[in-house]
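K.L.:
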Amino acid sequence: MRTRNPLSKLQMVCIILLWVLIVMYILAHAEIDGPLVLSLVISGVLVLVPIYKTIRKRSKKN
Numbered sequence: 152m153r154t155r156n157p158l159s160k161l162q163m164v165c166i167i168l169l170w171v172l173i174v175m176y177i178l179a180h181a182e183i184d185g186p187l188v189l190s191l192v193i194s195g196v197l198v199l200v201p202i203y204k205t206i207r208k209r210s211k212k213n
């Protein structure tokens with residue numbers, strides 16, 4: 152199995168900005184309830200964990 156390339160800084164910024172924009176849109180246009188909050192938290196974890204891992208790998212290399 153191939154290992155994936157680490158994310159570049161531009162990729163990380165784009166992913167975070169897109170996630171923030173989507174979350175802002177959802178919060179502005181949807182009724183805020185428990186399942187929505189849980190979904191946003193889970194999506195945040197799914198988005199931010201790979202970015203955190205990439206940053207941690209870079210700091211270990213230096």
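All residue numbers for the sequence shown refer to the working numbering, where the first residue is 152 and numbers rise by one.
Glycine is no exception: its CB is placed at the ideal position from the N, C-alpha and C atoms.
Just so we're clear, the structure is a prediction, and the values are computed from it rather than from any experiment.
#1: For N240 and G185, what's the separation of their Cα atoms in angstroms?
#2: DSSP on T205, reduced to helix/strand/coil?
#3: From L189, G195 and I206, pick the residue whose C-alpha is nearest to that of I167; which is it?
#4: Would you mind listing the beta strand (DSSP E) stretches within the segment 157-192 that are 3+ residues and don't spill past its ends, in chain order?
P.N.:
Per the coordinate set shown:
#1: Outside the displayed span of the chain (152 to 213) sits residue 240, for which this structure offers no information.
#2: Here residue 205 refers to the residue found at position 54 when the sequence shown is read from its first residue. Here DSSP, grouped into helix, strand and coil, assigns T205 to helix.
#3: Translated into the one-based positions of the sequence shown, residue 167 becomes position 16. Closest by alpha carbon: G195.
#4: With a minimum length of 3 residues, no continuous beta strand (DSSP E) run stays inside the segment 157-192.
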